[in-house]
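A.B. asks: According to my numbering, the residues represented by the sequence shown are 4 to 125, in order. Using N, Cα and C, we set each Cβ at its ideal position, and we do this for glycine too.
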Amino acid sequence: NLRMSKQSLTEQLDSLRSENSICKDELQKTVQSNAALQSCISTLNDTVLSKDEILIQKDNEIRQKIDEFNYLQYEAQSYMNNFQYQQQQQLETLQQKLLSVESEYAEAGGKIRELNQSLEEK
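1) Secondary structure at Lys54, three-state DSSP: helix, strand or coil?
2) At the level of alpha carbons, what is the spacing between Ser18 and Leu52?
3) Distance check for Lys54 and Leu94, CA to CA, integer angstroms please.
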């Protein structure tokens with residue numbers, strides 16, 4: 004009976020050792036899988052960070068282009084305002100010259116009439 008019991012215990016011990024070995028192998032595979040998954044997660048995190056950095060860089064470039072555009076728009080508006088001011092000044096000068104020429108023309112017309120009357124009287 005003791006032999007049976009010892010043999011049964013030995014068989015149970017062998018079975019437990021076998022199960023323990025299987026569990027160790029499974030645990031080792033799980034540890035390796037976890038390490039591989041951790042590496043993948045780390046790579047994905049690096050990729051996401053890299054993409055975020057690229058997006059931030061692109062955002063900054065776009066903002067810089069917008070600032071450049073706004074500056075050029077301001078420069079163009081300043082140029083147009085200055086051009087319009089100069090055109091207005093030239094227009095006013097030409098209007099004054101026109102009034103002066105019209106006045107001189109009217110005076111010359113009056114003198115011509117006077118000369119014509121004077122010639123007719125003679």
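C.D. replies: Taking the geometry as given:
1) Helix at Lys54.
2) Cα-Cα distance, rounded: 50 angstroms.
3) Leu94 and Lys54: Cα-Cα distance of roughly 59 angstroms.
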